[in-house]
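A.B. asks:
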Amino acid sequence: MNLRTAVVLAGGEGDRLRPLTRNRPKPMLPAGNRPILEYVFDSLIDSGIEQLHVVVGYKGTRVQDHFGPTYRGVPLAYHRQEKQLGSGHALLQVRGAIDEPFLAVNGDQIADPSIVADVAAAHMEGGAVATLSVVESREASRYGSVRLDGDEIVELVERPESGDYRLLNAGVYGFDPAFLGALAATPRVAGSLPLPAAVSRLVADEDHRVRGVRTEGFWTDATYPWDLLTAARQVFDMGWVELPERDPDVWIADSATVHPDATLQPPVAVSADCEIGAGAVVGPTASLGTNVTVDASAVVRDSVVGDDSRIGANATVVDAVFGQDVRLGPGSVIPGGDADVRVNDRIHEGERLGAVLADRVDAEAGVVFSPGVLVGPNASIDVGVRLVRNVSAGAEVTR
């Protein structure tokens, strides 16, 4: 018997990805020119999954409106998490709807189909109430870290503050239906029920076996804005771009218009109804969403540009993430490079991020962005302004 059912947890807000998540849930942010969640669904379906249960919450209608009742012919059953009370609480929303072994994955993590298939196969071998994907990484302490004894997990620590951890929980789980009962019985912490807490509780219970499967496939997590640039680079590396390939690593939609004097440097993805003007240079590692305009002699590289955005003539955009319907005026400059980025109350030093411009930002001509600036949705920036700090949603910045 093959494992046929999967649950995708797609209800998270993504507070550390603000301002990009002010208007959409984290799994609907772009990795390249498609939402993260599409890659998640693809990996599951390519691994043989025949039924997808999708738990939505924050801005959940954005997910349902985008995908509808099916994806690639596979039915989607939606379950709503009314309050954001943790990933374990989200998984409980499918209790009563599943009576067979199933996979559970995070909707904001892209995993190679080989990882999904390895976990599914290992779990169906039996003997474990839960099976986890385990990936070796120098950043294990940033995520849920694990220790293995053979193929058995003996310790699971969420974001450890100390210790030498090299293995992380990659967020692909195989569960027996009985796990949902154990999950429901797990004590809440400050009202929240994280999924790793329930798994860790089983690890400490000698009556249950929790198995770890070491995998080496492609895996990435979108936690902070610069992670979207990393995800885009890895999507290009894997060739996971659903557009016609005109030249090696150059993907262009049939309805896109590229001026003969424009230059596309691979890898680059140009989606439907885009228009690239004379002398513009797009790429390498640039993803343009639907209906994006890049005017004459503009430069766009190492960036993700959201749908319906416009980049003015002679503008320069490097290491940037755009939301939807962004306007960047002529001659404006996002220089890119390493920066100290303030996310909420924390400063992250030395991250590669030119700028983040959230939905409907309107920057006039000649605006210069210091590396690492985050601009909230509906903000407007006057001609010739030099931005040196974050801009809140709806703000008007003048000289």
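Residue numbers (this note's numbering): 1 to 399.
Glycine included, every Cβ here is placed at the ideal spot set by N, Cα and C.
These numbers come from a predicted model, not from an experiment.
Nearest-angstrom Cα distance between Glu125 and Ser114?
C.D. replies: Locating residue 125 in the sequence shown gives position 125, where the first residue counts as 1. Locating residue 114 in the sequence shown gives position 114, where the first residue counts as 1. When rounded, the distance between both Cα atoms is 17 Å.
A.B. asks: Do Leu264 and Ser192 have their beta-carbon atoms positioned less than 8 Å apart in this structure?
C.D. replies: Position 192 of the sequence shown, counted from the first residue, corresponds to residue 192. Position 264 of the sequence shown, counted from the first residue, corresponds to residue 264. Taking C-beta atoms as the reference points, Ser192 and Leu264 fail to come closer than 8 Å.
A.B. asks: Between the alpha carbons of Val368 and Ala170, how many angstroms are there, rounded?
C.D. replies: Locating residue 368 in the sequence shown gives position 368, counting from the first residue. Locating residue 170 in the sequence shown gives position 170, counting from the first residue. If I take the Cα positions, the gap works out to 38 Å.
A.B. asks: Give the straight-line distance between the Cα atoms of Val361 and Gly384, rounded to the nearest whole angstrom.
C.D. replies: Within the sequence shown, residue 361 is the residue found at index 361, counting from 1. Within the sequence shown, residue 384 is the residue found at index 384, counting from 1. When rounded, the distance between both Cα atoms is 15 Å.
A.B. asks: State the beta-bridge partners of Gln51 as determined by DSSP.
C.D. replies: The sequence position of residue 51 within the sequence shown is 51, counting from 1. Thr5.
A.B. asks: Quick one: grab the DSSP three-state call for Val326.
C.D. replies: Start at 1 with the first residue of the sequence shown, and residue 326 comes out as number 326. It is coil, neither helix nor strand.
A.B. asks: Evaluate the contact criterion for the segment 204-217 versus the segment 145-155: three or more CB pairs, one atom per stretch, below 8 Å.
C.D. replies: yes
A.B. asks: I want to know whether the segment 218-231 touches the segment 249-265 - three or more CB-CB distances under 8 Å.
C.D. replies: The segment 218-231 is not in contact with the segment 249-265.
A.B. asks: Relative to the C-alpha of Thr285, which residue among Asp237, Asn314 and Ala278 is closest?
C.D. replies: For this step, residue 285 is matched to residue 285 along the sequence shown. Residue Asp237 is the option with its Cα nearest to Thr285.
A.B. asks: What's the C-alpha gap between Asn483 and Asn23?
C.D. replies: Given that the chain is displayed from residue 1 to residue 399, the structure contains no residue 483 and the question cannot be resolved.
A.B. asks: If you count every other CB in all the chains shown that lies within 10 Å of the CB of Asn344, and 16 or more means buried, which is it?
C.D. replies: Taking the sequence shown and counting its residues from 1, one reaches residue 344 at position 344. The residue is exposed, with fewer than 16 neighbouring Cβ atoms inside 10 Å.
A.B. asks: According to DSSP, simplified to helix, strand and coil, what is Phe179?
C.D. replies: Residue numbering aside, residue 179 sits at position 179 when the sequence shown is read from its first letter. The answer is helix: DSSP assigns Phe179 an H, G or I state.
A.B. asks: Name the DSSP bridge partner or partners of Phe102?
C.D. replies: In the sequence shown, the residue the question calls residue 102 occupies position 102. In the DSSP output, where bridge partners are listed per residue, Phe102 has Thr5 and Phe175.
A.B. asks: DSSP puts Pro75 in a beta bridge; with which residues?
C.D. replies: Translated into the one-based positions of the sequence shown, residue 75 becomes position 75. Paired residue(s): Thr70.
A.B. asks: Buried or exposed for Ala363, please, with buried defined as at least 16 other CB atoms from any protein chain shown within 10 angstroms of its CB.
C.D. replies: Here residue 363 is taken as the residue at index 363 of the sequence shown, counted from 1. The residue is buried, with at least 16 neighbouring Cβ atoms inside 10 Å.
A.B. asks: Exposed or buried, which one is Pro75 when buried takes at least 16 other CB atoms within 10 Å?
C.D. replies: Residue mapping note: residue 75 aligns to position 75 of the sequence shown, counting from 1. By the 10 Å Cβ count, Pro75 comes out exposed.
A.B. asks: Could you check what DSSP says for Glu396 in three-state terms: helix, strand or coil?
C.D. replies: Within the sequence shown, the letter at position 396 stands for residue 396. Glu396 falls in the strand class under three-state DSSP.
A.B. asks: Give the straight-line distance between the Cα atoms of Thr257 and Val356, rounded to the nearest whole angstrom.
C.D. replies: Locating residue 257 in the sequence shown gives position 257, counting from the first residue. Locating residue 356 in the sequence shown gives position 356, counting from the first residue. So the alpha carbons of these two residues sit roughly 26 Å apart.
A.B. asks: In angstroms with no decimal places, state the Cα-to-Cα distance between Leu180 and Gln51.
C.D. replies: Numbered from its first residue, the sequence shown carries residue 180 at position 180. Numbered from its first residue, the sequence shown carries residue 51 at position 51. C-alpha separation (whole angstroms): 18 Å.
A.B. asks: How far does the alpha helix (DSSP H) with Leu37 in it reach, from first residue to last?
C.D. replies: Residue numbering aside, residue 37 sits at position 37 when the sequence shown is read from its first letter. From DSSP, the alpha helix (DSSP H) with Leu37 extends over Ile36 to Asp46.
A.B. asks: Could you name the residues that DSSP lists as bridge partners for Ala355?
C.D. replies: Looking up residue 355 in the sequence shown gives position 355. Ala355 is bridged to Ala320 and Val373.
A.B. asks: What is the rounded straight-line gap between the Cα of Arg346 and the Cα of Pro371?
C.D. replies: As a first step, residue 346 must be located in the sequence shown, where it is residue number 346. As a first step, residue 371 must be located in the sequence shown, where it is residue number 371. Rounded to whole angstroms, Arg346 and Pro371 show a C-alpha spacing of 16 Å.
A.B. asks: Taking the alpha carbon of Thr398 as the reference point, which residue from Ser380, Val388 and Tyr78 has its own alpha carbon closest?
C.D. replies: In the sequence shown, residue 398 corresponds to position 398, counting from 1. Checking every option, the nearest Cα to that of Thr398 belongs to Ser380.
A.B. asks: Taking three-plus beta-carbon pairs below 8 Å as touching, is the segment 185-202 in contact with the segment 85-94?
C.D. replies: yes
A.B. asks: For Gln265, does the three-state DSSP call read helix, strand or coil?
C.D. replies: The residue you call residue 265 lines up with position 265 of the sequence shown. Correct three-state label for Gln265: coil.
A.B. asks: Kindly confirm or deny that the segment 39-58 and the segment 299-313 touch, where touching means at least three C-beta pairs closer than 8 Å.
C.D. replies: no
A.B. asks: In the structure shown, what three-state DSSP assignment does Gly404 receive?
C.D. replies: Only positions 1 to 399 of the chain appear in this structure, which leaves residue 404 out of reach.
A.B. asks: So Ala111 and Trp219 are supposed to be a Cβ contact under 8 Å. How far apart are they, rounded?
C.D. replies: By 1-based counting over the sequence shown, the position of residue 111 is 111. By 1-based counting over the sequence shown, the position of residue 219 is 219. About 5 Å separates the two Cβ atoms, so the contact holds.
A.B. asks: Between which two residues does the beta strand (DSSP E) containing Asp340 stretch?
C.D. replies: Residue 340 sits at position 340 when you count from the first residue of the sequence shown. Taken as a continuous stretch (DSSP letters only), the beta strand (DSSP E) holding Asp340 covers Asp338 to Val343.
A.B. asks: Go to Val135, then tell me how far its beta strand (DSSP E) extends in each direction, as first and last residue.
C.D. replies: Numbered from its first residue, the sequence shown carries residue 135 at position 135. That run of the beta strand (DSSP E) goes Ala130 to Glu136.
A.B. asks: Measuring CB to CB, does Gly376 end up less than 8 Å from Ala358?
C.D. replies: Taking the first residue of the sequence shown as position 1, residue 376 is located at position 376. Taking the first residue of the sequence shown as position 1, residue 358 is located at position 358. Taking 8 Å as the Cβ cut-off, Gly376 and Ala358 qualify as a contacting pair.
A.B. asks: Looking at Glu100 and Pro30, is the spacing between their C-beta atoms short of 8 Å?
C.D. replies: Here residue 30 refers to the residue found at position 30 of the sequence shown. Here residue 100 refers to the residue found at position 100 of the sequence shown. No.
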